Each structure stands twice: as structure tokens, then as C-alpha cells.
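Participant: Each residue of the sequence shown is one higher than the last, beginning at 478 in the working numbering. We treat Cβ as the ideally placed atom computed from N, Cα and C, and that holds for glycine. Just so we're clear, the structure is a prediction, and the values are computed from it rather than from any experiment. Sharing a structure below in C-alpha cells format, with a few things to ask.
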Amino acid sequence: MQKTRALGSLKDLFPRLHQPLPLDKRESQRLLDTIKASFRKQLDEEHGWTASDSGKDSPRLKLATVHSRTGTVPSTAPARPTDRHMRAILDNPLFTRVEVPKRKEESANSLDAHKAVFRKAVSRGLVTLNTAQGFLMHIESVAFRLRPENTAADGPWLRNQLQDTGAGLLVLQWLRSSGQERDLKFLTNANFTNILARFLVAEGLDDVVLMWFERLLKPGSERTEPEFQTAKNLLGRLVYAKQARNLESAYTTILKAAAIAEEKSCPPAVVKYAWCILANETSMHHDKQTMPPAHIYDAFVALGRKLNPGAQFMAQLSLRHPVEPTSGPAVEFLQSKGAWRVNDAQNPVTLRYLRHVHRLAVDTAQYLTQTNQAEEASRLFNFVREKISMFTDPNELDLVGDLEPA
Numbered sequence: 478m479q480k481t482r483a484l485g486s487l488k489d490l491f492p493r494l495h496q497p498l499p500l501d502k503r504e505s506q507r508l509l510d511t512i513k514a515s516f517r518k519q520l521d522e523e524h525g526w527t528a529s530d531s532g533k534d535s536p537r538l539k540l541a542t543v544h545s546r547t548g549t550v551p552s553t554a555p556a557r558p559t560d561r562h563m564r565a566i567l568d569n570p571l572f573t574r575v576e577v578p579k580r581k582e583e584s585a586n587s588l589d590a591h592k593a594v595f596r597k598a599v600s601r602g603l604v605t606l607n608t609a610q611g612f613l614m615h616i617e618s619v620a621f622r623l624r625p626e627n628t629a630a631d632g633p634w635l636r637n638q639l640q641d642t643g644a645g646l647l648v649l650q651w652l653r654s655s656g657q658e659r660d661l662k663f664l665t666n667a668n669f670t671n672i673l674a675r676f677l678v679a680e681g682l683d684d685v686v687l688m689w690f691e692r693l694l695k696p697g698s699e700r701t702e703p704e705f706q707t708a709k710n711l712l713g714r715l716v717y718a719k720q721a722r723n724l725e726s727a728y729t730t731i732l733k734a735a736a737i738a739e740e741k742s743c744p745p746a747v748v749k750y751a752w753c754i755l756a757n758e759t760s761m762h763h764d765k766q767t768m769p770p771a772h773i774y775d776a777f778v779a780l781g782r783k784l785n786p787g788a789q790f791m792a793q794l795s796l797r798h799p800v801e802p803t804s805g806p807a808v809e810f811l812q813s814k815g816a817w818r819v820n821d822a823q824n825p826v827t828l829r830y831l832r833h834v835h836r837l838a839v840d841t842a843q844y845l846t847q848t849n850q851a852e853e854a855s856r857l858f859n860f861v862r863e864k865i866s867m868f869t870d871p872n873e874l875d876l877v878g879d880l881e882p883a
């Protein structure tokens, strides 16, 4: 029986039993280009450019198709609806792969690569306090290696580099999205809090740390000793990080913290630790050009009198006053019997105290020499060294202080 033409046409309407073989790479690309061209043409007709010739692709459509293959956009190409639509699809994060560039040498782009890896880890729920701390440490080390030659390791350039990384903000966003900022338990991790405070201060987010300090100061019966200690240590880390960038800002911060503690009826001892850190750093690393205005300095000294931190601190601050320095309190303290009531000379706390006294003697002798009192300076310095030699060798006392956040 011979097939009729009608039967053959009807047969073509049904799918074949045997499917065609898979397309090769060239045929697949040709099919993809055809689909994209048809897709663009349809969108142009519905939302924008209407082709006058429905049978052939317009030159503009062909140009868009060519550039869609190469991934480039011509500078003269108009903002077509199809281009905007395709770009919106391709820019979706679901279609974006986070690739870490491979480089033999460190570059500024490596900071972005490390941040991309951290974001990916956050999206997969793989970040812990230890990994976040490791991320910040790595960013800091990369920034350290990128500093120009003959640049101080802790100089302004490095601090500005940390500011530009945005790594502290990334970790802060993770703390919030993971819910850890609600109970502030992460603040008991000293190493993590130390490096996080450095980044947040560098990025201008120190108000967040001060807000955490305020939240820890719960009123009266609700306050616990662990929270009190955490608040005390947190403020110390904040002030230590701030004084490295701006001494006046550090003074202002501790005065704000004292006002917050007073408002919440919290013992002033919560700011004593941070106050001692700042007083110690003031005496070691800052000259008159970096000192805060006199009224802020005087407010800081007045706060110290309430805290009763030790006569050596008050004497050092009198010697460093930005407007009216005086050596009287320092000379009086160094010659007093109370200054030399030392029990265990091998105790680290005692050695730290003797180091502070030795540095105070050096600063006082320098001030006396500058004010034409060289004989008094020599007499006082020899007296102090003789006293210190009763406990330890003065030559072995490192003048670099070690009163840093725990």
C-alpha cells in the first residue's frame, strides 16, 4: 500500500521514535545564537525598537548579538531594553561565581579576593569567631606587607589602609546577621575583640563599640561581675585602639564612657583600667603637638583624681600638660617613701611599676634640664637609679611600657 501525501503530513505531527543525536559544540552555539537573536527581537518589538523587516535581523540586532557572545558592550550602543534585561539577569548573584585570583605577589586586589572568600563562607554558614579572627588577622597582615618601604609598621599609612579594607564592617555585619550581637557573649573572646576593635576604630565605627559598652552596664541588681569585667576590658581595648590614631578622640571617648557609667549608677572603677592605659600611652608616645586641648586634658586629669589610679600617673600627667607643665608633683613623688614600698621585686606587676617610675624619672630629669635645673636633674636621676638598684638592675628596665589591654 502506497502512502498518500496527507498521511505523510499527518505523520510529521508526531514525535519520532528515535531522537536525534546530541548536537556538537558548533551546532549548540549556533542554536544558542538563534534563540538569543529571536529573544532579543521579541523584546525589541514589545518594549522598544521595532524592526521594520520581520524576516531579517536588523543591523542593530546583529551588533547586539555579536557583543553578547564576547561579553563586551560597545561604548556607542544605546541602552536597549534587551541589553538592560540581559544584564539584569547576568548580574544576579546566583549567576556570579566568586573566583579568587591567583597571584604570585600580593597586591591591593588580594584584599578584595580575601573579602570575597569571607562573604562566601558567611553565605554557607561556615564562619565562627575563630575564622572571623583569622580573616581579620590575614587582612591586617596583607595590609602590612603592602605598606611602602621605610614606613612604620604601626604608622598612619597602615591605619588608613585598614580603614579602606572594610573588613571590620564585614565582620560586624556577620555578627548581626548570625544573632551574636544580641547577647554580646563574643566580647569575652579577648583576642577576637582586640583585633575587631582595631578595625572598627580604623573604619570609623567606634561608636558601635561604645554602644556595646553601654549595653553591658546594666542597672543595679541586674549587673553581674562578668559583665562588669567585660565592659571594663572592652573600654580598655577601645581606648587603646583610638589613642594610636587620635589622642584627643581617645580622651573624648573615655570622658563619654565615664558619663555613661555615672548615668547608669555604675561604679567609676569600670573606666579606671582604660584611664590608666591612656595615661600610660600619653606619657610614652605623644608629644605636645599631639596633645588634646587643655580643657579636655584637664577633664581627663580631674577624672583621674576620682579614680585614684596612683600618684605616678598624676605626676606624669602634670609633667605632660599641654599648656602649663610642672615637675613639682613628679619630684615630690619620686622622693617620697611611698614610692619605694615594693615587696616582691620579681613580680611582673612590680617590674611594670618600677619601669613606670624609671620612665617618670627620665622625663622629669629632661624637663628639669630644659628649664635650666641641670644640677637638680642629675641629683634626682641618680637618686632614683640608686633606689631601683635595690630591687633590680636599672639598665635592664625596658622603657617601653607594657600596660596594654589584656
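Please report the residue range of the alpha helix (DSSP H) in which Glu702 lies.
Facilitator: Residue mapping note: residue 702 aligns to position 225 of the sequence shown, counting from 1. Its alpha helix (DSSP H) spans residues 702 to 720.
Participant: For His907, name the three-state secondary structure that DSSP assigns.
Facilitator: Absent from the model: residue 907. The displayed extent of the chain is 478 to 883, so no value can be given.
Participant: Tell me whether Arg782 is buried or exposed, calling it buried when 16 or more other Cβ atoms sit within 10 Å of its Cβ.
Facilitator: Locating residue 782 in the sequence shown gives position 305, counting from the first residue. Under this definition Arg782 is an exposed residue.
Participant: Are the Cβ atoms of Phe676 and Leu711 separated by less than 8 Å?
Facilitator: To locate residue 676, count along the sequence shown from 1; it is residue 199. To locate residue 711, count along the sequence shown from 1; it is residue 234. It is not a contact, given that the beta carbons lie outside the stated cut-off.
Participant: Below 6 Å CB to CB, which residues in the same chain sit around Thr827 once its five sequence neighbours on both sides are set aside?
Facilitator: Mapped onto the sequence shown, residue 827 falls at position 350. Hits under 6 Å: Val819, Asp821.
Participant: So, at 7 Å on beta carbons, what are the nonlocal neighbours of Asn668 in its own chain, with the 5 sequence-adjacent residues on each side left out?
Facilitator: Reading the sequence shown from its first residue, position 191 is the one you call residue 668. So the list reads Gln610, once near-sequence residues are dropped.
Participant: With distances taken Cα to Cα, identify the nearest neighbour of Gly602 among Ser654, Asp840, Gly645, Tyr830.
Facilitator: Taking the first residue of the sequence shown as 1, we reach residue 602 at position 125. It is Ser654 whose Cα lies nearest to the Cα of Gly602.
Participant: In three-state terms, what does DSSP make of Cys753?
Facilitator: Residue mapping note: residue 753 aligns to position 276 of the sequence shown, counting from 1. Three-state DSSP puts Cys753 in a helix.
Participant: Look up Asn859 in the DSSP assignment and say whether it is helix, strand or coil.
Facilitator: Translated into the one-based positions of the sequence shown, residue 859 becomes position 382. Of the three classes helix, strand and coil, the one that applies to Asn859 here is helix, per DSSP.
Participant: How should Gly805 be labelled, buried or exposed, when 16 other C-beta atoms within 10 angstroms of its C-beta is the threshold for buried?
Facilitator: Position 328 of the sequence shown, counted from the first residue, corresponds to residue 805. Exposed.
Participant: Excluding the five sequence neighbours on either side, which residues of its own chain have a C-beta within less than 7 Å of the C-beta of Val800, listed in chain order?
Facilitator: Within the sequence shown, the letter at position 323 stands for residue 800. Ala771, listed in sequence order.
Participant: Starting from the C-beta of Ala776, find all residues in its chain whose C-beta is less than 7 Å away, skip the five residues before and the five after it, and write them out in chain order.
Facilitator: In the sequence shown, counting from the first residue as 1, residue 776 sits at position 299. So the qualifying residues of the chain are Leu732.
Participant: If you reduce the DSSP assignment to three classes, tell me which class Arg537 lands in.
Facilitator: The residue given as residue 537 occupies position 60 in the sequence shown. At Arg537 the pLDDT is 44, less than 50, meaning the model places this residue with poor confidence and gives no usable figure here.
Participant: Alpha carbon to alpha carbon, how far is Ala593 from Thr848?
Facilitator: Position 116 of the sequence shown, counted from the first residue, corresponds to residue 593. Position 371 of the sequence shown, counted from the first residue, corresponds to residue 848. Their Cα atoms are separated by approximately 58 Å.
Participant: Based on Cα-Cα distance, which residue from Gln793, Trp651, Ala734 lies nearest to Thr605?
Facilitator: For this step, residue 605 is matched to residue 128 along the sequence shown. For Thr605, the nearest C-alpha among the options comes from Trp651.
Participant: Among the residues of its own chain, which have a CB less than 6 Å from the CB of Leu715, if the five just before and after it don't count?
Facilitator: In the sequence shown, residue 715 corresponds to position 238, counting from 1. Excluding positions up to five away in sequence, the list reads Ala674, Val686.
Participant: Report the rounded CA-to-CA distance for Ser855 versus Pro825, giving the unit in angstroms.
Facilitator: By one-based count along the sequence shown, residue 855 stands at place 378. By one-based count along the sequence shown, residue 825 stands at place 348. Cα-Cα distance, rounded: 28 Å.
Participant: Quick check on the burial criterion: 16 or more other C-beta atoms within 10 angstroms. Buried or exposed for Ser760?
Facilitator: In the sequence shown, the residue the question calls residue 760 occupies position 283. When all chains shown are included, Ser760 counts as buried.
Participant: Considering only residues of the same chain and omitting the five flanking positions on each side of Ala788, which have a CB-CB separation below 6 Å?
Facilitator: For the purposes of this step, residue 788 is taken as residue 311 along the sequence shown, with counting starting at 1. Closer than 6 Å at the Cβ level, and outside the excluded window around Ala788, lie Phe810.
Participant: Please confirm whether Trp752 and Leu796 have their CB atoms less than 8 Å apart.
Facilitator: Taking the first residue of the sequence shown as 1, we reach residue 752 at position 275. Taking the first residue of the sequence shown as 1, we reach residue 796 at position 319. Cβ atoms of Trp752 and Leu796: not closer than 8 Å.
Participant: Skipping 5 residues on each side, what residues in its chain have a beta carbon closer than 7 Å to that of Glu658?
Facilitator: What you label residue 658 is simply residue 181 of the sequence shown in a count that begins at 1. Closer than 7 Å at the Cβ level, and outside the excluded window around Glu658, lie Leu652.
Participant: How far does the alpha helix (DSSP H) with Lys662 in it extend, from its first residue to its last?
Facilitator: Within the sequence shown, the letter at position 185 stands for residue 662. Per DSSP, Lys662 belongs to no alpha helix (DSSP H) and is neither H nor E.
Participant: Of all the options Arg832, Asp510, Gln843, Pro745, which has the alpha carbon lying nearest to the alpha carbon of Ser866?
Facilitator: Taking the sequence shown and counting its residues from 1, one reaches residue 866 at position 389. Closest option to Ser866, Cα to Cα, is Arg832.
Participant: Excluding the 5 residues preceding and the 5 following Leu885 in the sequence, name in chain order all residues of the same chain whose CB lies nearer than 8 Å to its CB.
Facilitator: In this structure the chain extends from 478 to 883, so residue 885 is not present and cannot be described.
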